[in-house]
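Step one of this worksheet: look at the structure below.
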Amino acid sequence: MAVQKSKVTRARRGQRRSHDFLRGPALSEDPTTGETHRRHHVTADGFYRGKKVIHKDDD
Numbered sequence: 068m069a070v071q072k073s074k075v076t077r078a079r080r081g082q083r084r085s086h087d088f089l090r091g092p093a094l095s096e097d098p099t100t101g102e103t104h105r106r107h108h109v110t111a112d113g114f115y116r117g118k119k120v121i122h123k124d125d126d
């Protein structure tokens, strides 16, 4: 059976677990359209850093 070498104190256990939480996504607002998007990603309407980078062809 596995036996621990020494007891882990509540403080040491808490220090280890202090980074186990989840963070929400980092969101930004596009300066041109004002749309909220993830950092370093193109917005849904094709803008990135205020410039249109994806042009949709209407056929």
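All residue numbers for the sequence shown refer to the working numbering, where the first residue is 68 and numbers rise by one. Quick reminder that beta carbons are idealized off the backbone N, C-alpha and C, glycines included.
Enclosing alpha helix (DSSP H) for residue i [first to last residue]
| i | result |
| --- | --- |
| R77 | 77-84 |
Sheet register partners of residue i (DSSP bridge)
| i | result |
| --- | --- |
| S95 | H104 |
| K72 | None, per the DSSP bridge assignment. |
| K119 | F114 |
For residue i, three-class secondary structure by DSSP
| i | result |
| --- | --- |
| F88 | coil |
Cβ pair residue i, residue j closer than 9 Å
| i | j | result |
| --- | --- | --- |
| E102 | D87 | no |
Closest Cα partner of residue i within the set the options
| i | options | result |
| --- | --- | --- |
| K119 | T99, R106, H107 | T99 |
| R116 | A93, R106, K123, S73 | R106 |
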